[in-house]
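Data block below; observations after.
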Amino acid sequence: MLVKNHILSKNFLTLLSVEDTVKTALAKMEEGGFLSLPVVEGEKFVGYVMKATIYERFFHENTSNREEFEKQSIEKFVETGIKALDPNDGIDEASIAIEKLNIPFLPVVDADGNFLGIMTHASIFKAFSDLFNLGKGRQLIVYIFNIPGQLSRLLNVFRKESINVPSMVVMDAKVMGILKVQCRVEVASNEEFDELVSKVEKEGFKTGEL
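Take the UniProt record's numbering: the final residue in the sequence shown is number 210, and no numbers are missing along the way.
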């Protein structure tokens, strides 16, 4: 999965310019219900401004003149030096980066450094949801030995029972020599699901919870 297929385009974003005032920034945040907004200068991404940062600065400056405070440019409130994603980066890279940096979103820029849009926690989660087909079918967790042919045996059970498998993800079970297989299986009823579980277990596999 590539970032370019899940990007939130700048054309649909509320953006701030470095020339905008604090008053403008707060108004846009209030209007859209945002806690932070991207800041651009022309076609380039500069950084982002958080509502909390603005309010913290206001109180720390110990000023009672909010009107004068809001006339300031947002430039000194901008968080800069944010890691940018390339459109051809993988969603997994985006997921690791946004968690490590603990920021609201990551900018996406092209080879010329032009701002294309952002990846948020929500858009990354949706990308993985699409990959795993969450919400489609029933989840079935199967534990297999990490040896050749085991996954093929499991798939053969599904084939014999004419079960459609929208997604299958193989993970480390954190137990030596064991893999955890997360399957989404399409069954018509609870009874059919229970029967499938029984047949999987009769093949020597263990089933369980995620």
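We put the CB at the ideal spot given by N, CA and C, even for glycine.
Outcome for Leu-16 when other beta-carbon atoms lying within 10 angstroms are tallied against a minimum of 16:
Numbered from its first residue, the sequence shown carries residue 16 at position 16. So Leu-16 counts as buried.
Stretch pair the stretch 141-148 + the stretch 12-29: three plus CB contacts closer than 8 Å
No: the two stretches stay apart, fewer than three of their Cβ pairs being nearer than 8 Å.
So, using beta-carbon positions, are Thr-80 and Val-46 closer together than 9 Å?
The residue you call residue 80 lines up with position 80 of the sequence shown. The residue you call residue 46 lines up with position 46 of the sequence shown. Pairing Thr-80 with Val-46 gives a Cβ-Cβ distance under 9 Å.
So, with DSSP's three-state summary, where would you put Ser-189?
The residue given as residue 189 occupies position 189 in the sequence shown. Ser-189: coil per DSSP, three-state reduction.
I think Glu-19 touches Ser-73, with their Cβ atoms under 8 Å apart; what is that distance to the nearest whole Å?
Position 19 of the sequence shown holds residue 19. Position 73 of the sequence shown holds residue 73. Glu-19 to Ser-73, Cβ: 6 Å. Contact.
Identify whether Gln-150 lies in helix, strand or coil by the three-state DSSP scheme.
Walking along the sequence shown from the start, residue 150 turns up at place 150. In this structure, Gln-150 counts as helix in the three-state DSSP scheme.
Whole angstroms is fine: what's the gap from Val-78's alpha carbon to Glu-70's?
Reading the sequence shown from its first residue, position 78 is the one you call residue 78. Reading the sequence shown from its first residue, position 70 is the one you call residue 70. When rounded, the distance between both Cα atoms is 15 Å.
Using the rule of at least 16 other Cβ atoms within 10 Å of the residue's Cβ for burial, across every protein chain shown, is Gly-149 buried or exposed?
Within the sequence shown, residue 149 is the residue found at index 149, counting from 1. Burial state of Gly-149 is exposed, judged by a 10 Å Cβ sphere holding fewer than 16 other Cβ atoms.
Would you kindly work out how many angstroms separate the C-alpha atoms of Thr-120 and Arg-184, rounded to a whole number?
Reading the sequence shown from its first residue, position 120 is the one you call residue 120. Reading the sequence shown from its first residue, position 184 is the one you call residue 184. In this model, Thr-120 and Arg-184 are separated by some 26 Å (Cα to Cα).
Rounded C-beta distance between Asn-114 and Lys-44? I'm assuming under 8 Å.
Position 114 of the sequence shown, counted from the first residue, corresponds to residue 114. Position 44 of the sequence shown, counted from the first residue, corresponds to residue 44. Between Asn-114 and Lys-44, the beta carbon gap of about 7 Å places them in contact (Cβ cut-off 8 Å).
Between Thr-14, Ile-124, Asp-130, Met-176, which lies nearest to Ile-147 when the distance is taken from Cα to Cα?
For the purposes of this step, residue 147 is taken as residue 147 along the sequence shown, with counting starting at 1. Of the listed residues, the one whose Cα sits closest to Ile-147 is Met-176.
CA-to-CA distance, Glu-31 to Ala-188, given in whole angstroms:
Here the question's residue 188 lines up with position 188 in the sequence shown. Here the question's residue 31 lines up with position 31 in the sequence shown. About 46 Å.
Just curious, the alpha helix (DSSP H) that Asp-172 is in, first and last residue?
Reading the sequence shown from its first residue, position 172 is the one you call residue 172. Counting along the chain, Asp-172 sits inside no alpha helix (DSSP H); it lies in the beta strand (DSSP E) bounded by residues 164-172.
Expressed to the nearest angstrom, what Euclidean distance is found between the alpha-carbon atoms of Lys-100 and Leu-13?
Walking along the sequence shown from the start, residue 100 turns up at place 100. Walking along the sequence shown from the start, residue 13 turns up at place 13. If I take the Cα positions, the gap works out to 24 Å.
Which class does Met-176 belong to by DSSP, given the choice of helix, strand or coil?
The count along the sequence shown starts at 1 and reaches residue 176 at position 176. Three-state result, Met-176: coil.
Leaving out five residues on either side along the sequence, give the residues of the same chain with a beta carbon under 6 Å from the beta carbon of Phe-158.
In the sequence shown, counting from the first residue as 1, residue 158 sits at position 158. Setting aside the 5 residues that flank it on each side, Phe-158 is surrounded in the same chain by Val-165, each with a C-beta closer than 6 Å to its C-beta; the list follows chain order.
Beta strand (DSSP E) runs wholly inside the UniProt domain "CBS" (78-140), at least 3 long, in chain order:
Here the runs fully enclosed are 105-109, 115-120.
For the alpha helix (DSSP H) containing Met-29, list its first residue and its last residue.
As a working mapping, residue 29 is identified with position 29 in the sequence shown. For Met-29, the uninterrupted alpha helix (DSSP H) segment begins and ends at 22-32.
Starting from Lys-206 and walking both ways along the beta strand (DSSP E), at which residues does that stretch end?
In the sequence shown, the residue the question calls residue 206 occupies position 206. Annotation for Lys-206: the continuous beta strand (DSSP E) segment containing it runs 206-208.
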